[in-house]
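FYI, our numbering numbers position 105 of the sequence shown as 112, with every residue one higher than the one before it. Glycine included, every Cβ here is placed at the ideal spot set by N, Cα and C. Working notes, beginning with the structure itself.
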Amino acid sequence: MSLILKIVAVAAIFLGEAISIIAELIASRRFGKAGGDVTMLLPMFLLISFGGILLVFGYVLGYMHLKNIWIIVAISVGAILVVEPILTLLLFRDVSTTGSLIRLMLGALGTLAAVCL
């Protein structure tokens, strides 16, 4: 049961980070195209709030079962390093630089090391 709760915690952190990043990217894209209509951002505020709830849930559950906040922080930072370049590529269709690809690989390795070691 403890392993399942650890997996749920990691999944909640990844999903919370992904939802928050999606809200940020879509908001910046819409705001840039619309010329600054703030009312278009309301759905993104709601989306990022849901992502924040998942993040808090993932942090609490993860700390309860992993007993080390640094593992949770590493998972969160690793999630950002992995998820953000992928979502940027998908939403903006912008080609990544070599440095971004290296960051992506190191983020994935860091996340795996934090979870497995």
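Whole-angstrom C-beta distance between residue j and residue i, which should lie under 8 Å
i   : j    : result
I55 : E31  : 7 Å
A18 : H72  : Incorrect: roughly 13 Å between the Cβ atoms, too far for contact.
F64 : L48  : With a Cβ gap of about 24 Å, F64 and L48 do not count as contacting.
L96 : R110 : That pair is no contact at about 13 Å.
L94 : A25  : 7 Å
CB contact flag (residue i, residue j, <8 Å)
i    : j   : result
L62  : L12 : no
V90  : F21 : yes
G114 : G58 : no
Option in the options with minimal Cα separation from residue i
i    : options               : result
M112 : L98, D101 and P92     : P92
S27  : A86, L96, D44 and T46 : A86
F99  : S9, A34 and I14       : A34
I82  : A120, S9 and F38      : A120
I14  : T104, S107 and Y70    : Y70
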